[in-house]
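First up is the structure itself, then whatever we jot down about it.
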Amino acid sequence: MITTLAPGEDATLLAELLERAPAWLESGRAQLRVHADTDPDSHESARQAQRETKLRAIRAGRAKRYVLEVETRAGPRVVKIAEVTSLGNHVLGLLGTSIARREHAFHARAHALGFAASRSLGFLEWRVGPFLQRACQVQTLIPNEARDLDHLLVSELARWGDAALEPLADALAAMHTKGFFHADLKGFHAFVVARNTLPDGPQQYDLTWIDLARVGFRLTRRQRLINLYQALRFVVPPRPQAQERFMTRYCAAAVWHAATPQLALARVQRLLRYKLRTHPHP
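So for the sequence shown, the numbering used here puts the first residue at 12; every next one is plus one.
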């Protein structure tokens with residue numbers, strides 16, 4: 012067992028959990044977490060349906076990654092399990108690394124920049140000889156009072172209309188100005204950190220993120236376009252006026268196509284149409 016954990020973490024318990032993760036899940040010693048758990052408005056039936064789908068995949072050995080919550084002597088912890096299910100995972104293991112090790116490094120760097128919604132406390136790798144069997148990353152829980160971007164926008168759009176998209180554009184531009192890229196930009200992966208609340212306008216905020224296995228810290232042109240396409244597909248309301256307002260504000264805030272936001276919008280919409288045609292299901 013290779014273990015790199017912050018001081019004071021319950022290494023013995025976490026090592027046992029890593030080796031016996033499916034059994035702990037079946038016995039109730041660890042709780043399965045799903046995306047619906049971050050949605051305070053989701054019905055319990057929706058949460059249970061997601062859990063059952065993931066449980067079936069785990070039992071069949073088809074789950075590449077799944078997230079558990081467990082109580083330790085150091086407090087409650089989120090444990091992201093990464094199963095070795097592909098040739099790429101095996102090769103990473105033979106090269107002395109793992110998805111969990113990489114995500115810990117990315118998470119720690121994102122946290123230092125102020126972009127991580129939780130803190131990464133380390134990783135563990137279970138090996139038999141040189142062969143990686145399973146790995147996990149250990150995180151703190153997201154505070155109960157944290158609001159995800161999807162839910163903030165619902166209330167802000169209802170109150171302020173499309174003006175509520177301007178703080179989102181500012182927050183994304185600030186993130187890109189620091190070079191940060193999140194490869195799966197969806198509202199339920201982003202949490203808001205309020206900067207100020209204005210009496211006559213929408214709330215201003217910064218963005219912090221979960222699911223940090225695939226992030227970047229030197230934003231490329233392609234990555235910028237990917238994030239903007241994802242924003243239009245998954246976050247911004249699918250209306251031309253809303254998309255135009257978001258992109259106009261983003262271009263000004265990011266100092267990117269500031270004089271030609273319509274050209275930038277056309278490029279992002281072209282990518283959006285292509286993705287909707289080739290990948291209709293997110």
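Quick reminder that beta carbons are idealized off the backbone N, C-alpha and C, glycines included.
Note that the structure is a prediction, hence the values are computed from the model and not measured.
Residue range 131 to 139 is occupied by the beta strand (DSSP E) that includes Trp-137.
The C-alpha of Leu-168 is placed about 37 Å away from the C-alpha of Ile-110. For Leu-143, same chain residues with a beta-carbon under 8 Å away, outside a window of 5 residues either side, are Val-95, Asn-100, His-101, Leu-103, Gly-104, Leu-105, Ser-109, Glu-136, Trp-137 in chain order.
Contact between the region 242 to 259 and the region 208 to 219 is absent: fewer than three C-beta pairs spanning the two stretches fall below 8 Å. Remark: C-beta atoms of Arg-260 and Glu-177 approach each other more closely than 7 Å. CA-CA distance, Leu-98 to Val-139, rounds to 17 Å. In the DSSP secondary-structure assignment, Asp-159 is bridged to Phe-202. Between Leu-239 and Val-279, the gap from beta carbon to beta carbon is short of 7 Å. Per DSSP, the unbroken alpha helix (DSSP H) holding Thr-23 starts and ends at 22 to 30.
Per DSSP, Gln-61 lies in no beta strand (DSSP E) segment; the continuous alpha helix (DSSP H) that holds it begins and ends at 55 to 70. A distance below 7 Å between beta-carbons, with the five flanking residues on each side excluded, links Leu-276 to the following residues of its chain, in chain order: Gln-254, Glu-255, Met-258. Ranked by Cα distance from Ala-182, the first of Ala-205, Ala-157, Arg-225 is Ala-205. Shown here, Gly-99 sits in a helix according to DSSP, grouped into three states. By the CB criterion at 7 Å, Arg-70 and Val-81 fall outside the cutoff.
By the C-beta density criterion, Gln-150 is buried, having at least 16 other C-beta atoms within 10 angstroms.
Relative to the Cα of Gly-39, the nearest Cα in the group Thr-188, Trp-171, Leu-28 belongs to Leu-28. If you draw a straight line from the Cα of Arg-31 to the Cα of Arg-170, it comes to about 48 Å.
Burial is judged here by how many other beta carbons sit within 10 angstroms of a residue's own beta carbon; Leu-287 has fewer than 16 and is exposed. Collapsing the DSSP output to three states places Pro-87 in a strand.
Spatial neighbours of Trp-35 in its own chain (CB-CB distance under 7 Å, excluding positions within 5 residues in sequence) are listed in chain order as Leu-28, Ala-41.
Between Ala-194 and Ile-153 a beta carbon distance of about 19 Å is seen, past the 8 Å cut, so the two are scored as non-contacting. According to the DSSP assignment, Ile-13 belongs to the beta strand (DSSP E) that extends over 13 to 16. Contact check for Ala-264 against Ala-180 passes: the beta carbons are separated by less than 7 Å.
Note on geometry: alpha-carbon atoms of Gly-86 and Leu-124 lie some 25 Å from one another.
Ala-121 and Trp-220 have their C-alpha atoms spaced approximately 9 Å apart. Apart from sequence neighbours up to five positions away, the residues of its chain that approach Asp-21 with a beta-carbon distance below 6 Å are Thr-83, Arg-84, Ala-85, ordered along the chain. Under the DSSP assignment, Leu-196 falls outside any beta strand (DSSP E); it carries neither an H nor an E label.
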